[in-house]
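Peer 1:
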Amino acid sequence: MRIFDPHIHMTSRTTDDYERMAAAGVRAVVEPAFWLGQPRTSAASFTDYFDSLIGWEPFRAGQFGVRHFATIALNPKEANDPRCRPVLDLLPRYLDKDAVVAVGEIGYDSMTPEEDEAFAAQLALAVAYDLPALVHTPHRDKARGCDRTLAVVAESGIDAGRVVVDHLNEVTVKLVRDSGCWLGFSIYPDTKMTPQRMVELLREYGTERMLVNSAADWGRSDPLLTRATGEAMLAAGFSDDDVDKVLWRNPVEFYGQSGRLDLSDLDAAAAVDPQTGNSILRGGS
Ligand SMILES: [Zn+2]
């Protein structure tokens, strides 16, 4: 099983996690810029964070044969802090980098006017830099948040096929599907989606434009839940090809729209289980 985790916050994870992920078949990840829990007090903090997303993390991932890409943005929560707003002016420098495959995470946290403004400005940057956009939906008041998110996306003029709307569930899946955007699902150990609920949605809505991520961060989360979802799909009667589409070909197609998703030499680099030295490409364990 080859796995591309399209949304995972490796900054918050240990090197052991990279090792376990590689052994489970994870060969590429996208790490979106997000809120680190501790509020940042100046734009300079973001510079160091963004640099680590395109420098240190790809290096750490590379030690286990995992290809690491990033998305860069001012996250919705910190868009409300006037001390962080100058980050918007830093973004162009990063959106030019080869390791950056989308603008994100952008969108809403509490749906404030400040968030409106940062969201629209960053969708405009995605259009200007010809990059896809990764859009976070609020965890509270989900249906209304999703509705408003889709309205702002439509207004921005960005092609819906270049936008993924993330953290969806049974309440929001249909809205986003009808919009033409890609659908992102974060699988968590005990909140939001579980592998079993994800399988039900794949049964009902099919595998087109569907992205499954672990979103693993500093909260209770599990970077192997992409693999668990693949296993749950197989147990429910989906084929190996269906699993490959959802866990590999879909994220490759979505982020490939950046023109920067270089996966060359990955077969050789990610083919070896760091513990056993055996190939993990064909099925794995
Ligand atoms: Zn996230």
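Numbering (my numbering), first residue to last: 75 to 359.
Cβ atoms here follow ideal geometry from the backbone N, Cα and C, with glycine treated the same way.
Just checking Phe124 against ligand 1 - is the residue's beta carbon closer than 7 angstroms to any of the ligand's heavy atoms?
Peer 2: Within the sequence shown, the letter at position 50 stands for residue 124. Incorrect: Phe124 has no Cβ contact closer than 7 angstroms to ligand 1.
Peer 1: Whole-angstrom Cβ separation of Gly363 and Ala207, contact assumed at under 8 angstroms?
Peer 2: In the structure displayed, the chain extends from 75 to 359; residue 363 sits before or after that span and is not available.
Peer 1: In whole angstroms, what is the alpha-carbon distance linking Phe259 and Asn243?
Peer 2: By 1-based counting over the sequence shown, the position of residue 259 is 185. By 1-based counting over the sequence shown, the position of residue 243 is 169. Near 7 angstroms, if we compare the C-alpha coordinates of Asn243 and Phe259.
Peer 1: Can you list every residue whose CB sits closer than 7 angstroms to some heavy atom of ligand 1, going in chain order?
Peer 2: The answer, residue by residue, is His81, His83, Pro106, Phe108, Glu179, His210, Ala289, Asp291.
Peer 1: Please classify Glu229 as buried or exposed, where buried requires at least 16 other C-beta atoms within 10 Å of its C-beta.
Peer 2: The sequence position of residue 229 within the sequence shown is 155, counting from 1. Answer is exposed; the Cβ neighbour count stays below 16.
Peer 1: Using DSSP with H/G/I as helix, E/B as strand and the rest coil, what is Thr145?
Peer 2: The sequence position of residue 145 within the sequence shown is 71, counting from 1. DSSP places Thr145 in strand when its eight states are reduced to three.
Peer 1: Using a Cβ-Cβ cutoff of less than 6 angstroms, which residues in the same chain neighbour Glu188 once the five nearest sequence positions on both sides are dropped?
Peer 2: Position 114 of the sequence shown, counted from the start, is the residue given in the question as residue 188. So the qualifying residues of the chain are Ala153, Asn154.
Peer 1: State the start and end residues of the unbroken alpha helix (DSSP H) segment that holds Ser51.
Peer 2: Examination of residue 51 is not possible in this model, given that the chain is present from 75 through 359 alone.
Peer 1: Could you pull out every residue in the same chain whose Cβ sits closer than 6 angstroms to the Cβ of Ile128, ignoring the five residues on either side in sequence?
Peer 2: Within the sequence shown, the letter at position 54 stands for residue 128. If we look at Ile128 and ignore the five residues flanking it on each side, its Cβ neighbours are Ala144, Lys171, Ala173.
Peer 1: Kindly indicate which three-state DSSP category Glu282 falls into: helix, strand or coil?
Peer 2: Translated into positions along the sequence shown, residue 282 becomes position 208. Correct three-state label for Glu282: coil.
Peer 1: Distance, Cα to Cα, Pro113 vs Val317?
Peer 2: For the purposes of this step, residue 113 is taken as residue 39 along the sequence shown, with counting starting at 1. For the purposes of this step, residue 317 is taken as residue 243 along the sequence shown, with counting starting at 1. Looking at the two C-alpha atoms, the distance is approximately 38 angstroms.
Peer 1: Counting along the chain, where does the alpha helix (DSSP H) carrying Leu16 start and finish?
Peer 2: A query on residue 16 cannot be resolved here, the shown segment of the chain reaching from 75 to 359 and no further.
Peer 1: How many angstroms separate the CA atom of Leu148 from the CA atom of Phe120?
Peer 2: Along the sequence shown, read from residue 1 onward, the residue named residue 148 stands at position 74. Along the sequence shown, read from residue 1 onward, the residue named residue 120 stands at position 46. Straight-line Cα distance between these residues: approximately 9 angstroms.
Peer 1: Identify the continuous alpha helix (DSSP H) that holds Ser253 and give its terminal residues.
Peer 2: Start at 1 with the first residue of the sequence shown, and residue 253 comes out as number 179. Unbroken alpha helix (DSSP H) run through Ser253: 247-253.
Peer 1: For Val104, list the residues DSSP reports as bridge partners.
Peer 2: Along the sequence shown, read from residue 1 onward, the residue named residue 104 stands at position 30. Phe143, per the DSSP bridge assignment.
Peer 1: Count the other C-beta atoms from every protein chain shown that fall within 10 angstroms of the C-beta of Gly357, then say buried if there are 16 or more, exposed otherwise.
Peer 2: Stepping through the sequence shown from its first residue, residue 357 is reached at position 283. Low confidence applies to Gly357: its pLDDT is 40, below 50, so where it sits in the model is not reliable enough to give any reading.
Peer 1: Could you check the C-alpha separation between Val161 and Asp314 for me, to the nearest Å?
Peer 2: What you label residue 161 is simply residue 87 of the sequence shown in a count that begins at 1. What you label residue 314 is simply residue 240 of the sequence shown in a count that begins at 1. Straight-line Cα distance between these residues: approximately 43 angstroms.
Peer 1: Pair every Cβ in the segment 302-312 with every Cβ in the segment 269-278, then say whether three or more of these pairs are closer than 8 angstroms.
Peer 2: In short, these stretches touch, since the Cβ pair count reaches three.
Peer 1: Please state whether DSSP places His81 in a helix, a strand or coil.
Peer 2: If you number the sequence shown from 1, residue 81 lands on position 7. Of the three classes helix, strand and coil, the one that applies to His81 here is coil, per DSSP.
Peer 1: Asp252: which of Ala225, Thr85, Tyr203 sits nearest, CA to CA?
Peer 2: Residue numbering aside, residue 252 sits at position 178 when the sequence shown is read from its first letter. When only C-alpha atoms are compared, the closest one is Ala225.
Peer 1: Would you call Arg94 buried or exposed, if buried means 16 or more other Cβ atoms sit within 10 Å of its Cβ?
Peer 2: The sequence position of residue 94 within the sequence shown is 20, counting from 1. Classification for Arg94: buried.
Peer 1: Using DSSP with H/G/I as helix, E/B as strand and the rest coil, what is Phe312?
Peer 2: In the sequence shown, the residue the question calls residue 312 occupies position 238. Coil.
Peer 1: Return the chain-ordered list of same chain residues with a C-beta closer than 8 angstroms to the C-beta of Tyr168, the five sequence neighbours on each side being excluded.
Peer 2: Here the question's residue 168 lines up with position 94 in the sequence shown. Within the same chain, Tyr168 has close Cβ partners Phe124, Ile128, Ile146, Val174.
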